[in-house]
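Student: Next up is a structure, given as C-alpha cells.
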Amino acid sequence: MRAHTEYLTFHTKKRRELVHLTPMLEGILARSRVDEGFMLVSAMHITAGVFVNDDESGLHSDILKWLEKLAPSGLDYEHHRTGEDNGDAHLKSMLVHHEVIVPVTAGRMDFGPWQRVFYAEFDGQRDKRVIVKVMGE
Amino acid sequence: MRAHTEYLTFHTKKRRELVHLTPMLEGILARSRVDEGFMLVSAMHITAGVFVNDDESGLHSDILKWLEKLAPSGLDYEHHRTGEDNGDAHLKSMLVHHEVIVPVTAGRMDFGPWQRVFYAEFDGQRDKRVIVKVMGE
Amino acid sequence: MRAHTEYLTFHTKKRRELVHLTPMLEGILARSRVDEGFMLVSAMHITAGVFVNDDESGLHSDILKWLEKLAPSGLDYEHHRTGEDNGDAHLKSMLVHHEVIVPVTAGRMDFGPWQRVFYAEFDGQRDKRVIVKVMGE
Chain A
1 MRAHTEYLTF
11 HTKKRRELVH
21 LTPMLEGILA
31 RSRVDEGFML
41 VSAMHITAGV
51 FVNDDESGLH
61 SDILKWLEKL
71 APSGLDYEHH
81 RTGEDNGDAH
91 LKSMLVHHEV
101 IVPVTAGRMD
111 FGPWQRVFYA
121 EFDGQRDKRV
131 IVKVMGE
Chain B
1001 MRAHTEYLTF
1011 HTKKRRELVH
1021 LTPMLEGILA
1031 RSRVDEGFML
1041 VSAMHITAGV
1051 FVNDDESGLH
1061 SDILKWLEKL
1071 APSGLDYEHH
1081 RTGEDNGDAH
1091 LKSMLVHHEV
1101 IVPVTAGRMD
1111 FGPWQRVFYA
1121 EFDGQRDKRV
1131 IVKVMGE
Chain C
2001 MRAHTEYLTF
2011 HTKKRRELVH
2021 LTPMLEGILA
2031 RSRVDEGFML
2041 VSAMHITAGV
2051 FVNDDESGLH
2061 SDILKWLEKL
2071 APSGLDYEHH
2081 RTGEDNGDAH
2091 LKSMLVHHEV
2101 IVPVTAGRMD
2111 FGPWQRVFYA
2121 EFDGQRDKRV
2131 IVKVMGE
C-alpha cells in the first residue's frame, strides 16, 4: 500500500470564489505513483468546500447565487456574537460539503467526461489550505 | 491490498428518477472478494447523484419534490446561455452529492437496518454511468 | 494494510441534537495503530448525519435553525402515510450528509485548526449507531 499527501494553499482575491483544481490534482496523482486507489481532496477550513461539477462559467455564477439564496449572508447569526461575520460561509460549506473522493484507475482520475474538481472559497482573501491524500497501490 | 472496479449504466425513462442500487452493489462486492475496506459508489455525471436513505416510495416522492423546491427547474440560469436547459439538475446534484463511501466489514456492506443506496437521476432519458470501486483486502 | 472498526452508540435527550465526536475518534484512531490512511465516520441511520465544522455553540444553534428552515418539520410529507412523523429528519440527513472521511497522517487526524467532527441527530431519544472504520497502514 502506498500513501501520498500534499497540501495546496489558496489566497483568493474575492471573498467568494471558485478555483479549478483538476490540473493540480493530476500532478499530485502522478507524483503519488498510485495506479489503483482513492484520492481524497478535502478543505482544511470550515468556511470552504470542495465539489465536483462542470467547468462552465455561467454555471459557476449560478452556483454562487444559489448558495447565497439558500445560506444568505448579512443575517443576524448567533455565531456573530463571537465577533465573526461569516456565519453564512459555514452554512455554505456544509451545503457544498468540504471534501470529495476521486477514484483512481490505471493511474488516472476515473471521471466521466465533464467532471472537474473545484475548491469553493466562502471567506477568502487570506491563506486557506486543502489536503490531497492518495491511497492505493 | 485488492482493488476491484465495475461500471453501471442507467438509462431512465423519466428525466428525474431514483434507482435502487443495493442489490447490484452486493453482487459487485461479492465479485471483489474484499472482506475489509471501502466501496466508493460515484456518479460519473454532473447532473446525477448517489445517496443513502430509506427504500420507501412516499419518501422518494418527498425527496424529489423537496429538491425541486430548493433547486427549481424552469429558472433563467446563466448556464442556459450555453444552449443547455438543465441548470437545476447541476444544483440538485450538488445538494444530493455525487458519491458515497460504503464501509465493508466481513465481506458485507456494513449498514444499519434501513440504509440503502440510490442513484438519483436529474437529467435522464440517455445513458449515464456510475463507477463502483472497492478497495481493501 | 490494516483495518480497524468500532461502533459508537448515541441516545440523545432531545429529538435534535449535535454531539461532538472528535475526542472519541482520536481514541479509536490510536487503537487502530494506523499511521497513514483514511478514517470513515458514518451514521448507520437515515435520520442522522455526520459533518465537519466549528465547535462553537452559537454556530450550532444557527445550523439547527437553518436545517429546520430548509427541511421543515410539521409538513404533510408522503412518508408520513407509513405512520412515521420524521420526514423532515430524512431530508435534514440528506442535506448534512451521513458520513465524512478524515485523512490520517503520522497517526493523527490531519485537520485544519478549527475542524471538528459532529454527529447530527434529527430523530433521537433512542439508540442510534455510528460506524468508524480506519483503513491504512
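Chains A, B and C are the protein sequences, given in the same order.
Per the working numbering, the first sequence starts with residue 1, numbered consecutively.
Per the working numbering, the second sequence starts with residue 1001, numbered consecutively.
Per the working numbering, the third sequence starts with residue 2001, numbered consecutively.
We put the CB at the ideal spot given by N, CA and C, even for glycine.
#1: Just to confirm the assignment, what range does the alpha helix (DSSP H) spanning Ala-1048 (chain B) have?
#2: Which stretch, first to last residue, makes up the beta strand (DSSP E) that contains Pro-23 (chain A)?
#3: Hey, would you say Leu-21 (chain A) sits closer than 9 Å to Val-117 (chain A), going by beta carbons?
#4: State the start and end residues of the unbroken beta strand (DSSP E) segment that holds His-2004 (chain C).
#5: Can you give me the start and stop residues for the alpha helix (DSSP H) that Leu-2070 (chain C) sits inside?
#6: Looking at chain B, is there any beta carbon in it that lies within less than 9 Å of the beta carbon of Pro-72 (chain A)?
#7: Go through the stretch 100–134 of chain A residue by residue and report every complete run of the beta strand (DSSP E) that reaches 3 residues or more, in order.
#8: Return no unless some Cβ of chain A is closer than 9 Å to the Cβ of Tyr-1077 (chain B).
#9: Are the beta-carbon atoms belonging to Arg-16 (chain A) and Glu-121 (chain A) less than 9 Å from one another?
#10: Return no unless some Cβ of chain C is closer than 9 Å to the Cβ of Lys-133 (chain A).
#11: Given that Leu-2091 (chain C) touches chain B, what residues does it touch there, using C-beta distances under 8 Å?
#12: Cα-Cα, which of B:Glu-1099, B:Gly-1083, B:Leu-1067 and B:Asn-1086 is closest to His-2090 (chain C)?
#13: What is the DSSP secondary structure of Ser-1042 (chain B), reduced to helix, strand or coil?
#14: Measure from the alpha carbon of Gly-2027 (chain C) to the alpha carbon of each residue in C:Ala-2048, C:His-2004, C:Val-2052 and C:Lys-2065, then state which is nearest.
#15: In chain order, what residues of the same chain have a beta carbon less than 7 Å from the beta carbon of Pro-2103 (chain C), not counting five sequence neighbours either side?
#16: Indicate whether His-2098 (chain C) and Trp-1114 (chain B) have their beta-carbon atoms separated by less than 9 Å.
#17: Does DSSP classify Glu-137 (chain A) as helix, strand or coil?
Tutor: For this structure:
#1: No alpha helix (DSSP H) holds Ala-1048 (chain B); the beta strand (DSSP E) holding it covers 1048–1053.
#2: Unbroken run through Pro-23 (chain A) is the alpha helix (DSSP H), 22–32; no beta strand (DSSP E).
#3: Yes.
#4: 2002–2010
#5: Its alpha helix (DSSP H) spans residues 2057–2070.
#6: no
#7: 116–121
#8: yes
#9: Taking 9 Å as the Cβ cut-off, Arg-16 (chain A) and Glu-121 (chain A) qualify as a contacting pair.
#10: Closer than 9 Å to some Cβ of chain C, the Cβ of Lys-133 (chain A) qualifies, so yes.
#11: Asp-1062, Ile-1063 and Trp-1066
#12: Nearest to His-2090 (chain C) by alpha-carbon distance, out of B:Glu-1099, B:Gly-1083, B:Leu-1067 and B:Asn-1086, is B:Leu-1067.
#13: In this structure, DSSP gives Ser-1042 (chain B) an extended state, which the three-state scheme calls strand.
#14: Cα-wise, what sits closest to Gly-2027 (chain C) is C:His-2004.
#15: The beta carbon of Pro-2103 (chain C) sits closer than 7 Å to those of Phe-2038 and Asp-2110, all from its chain and outside the five residues before and after it, given in chain order.
#16: no
#17: coil
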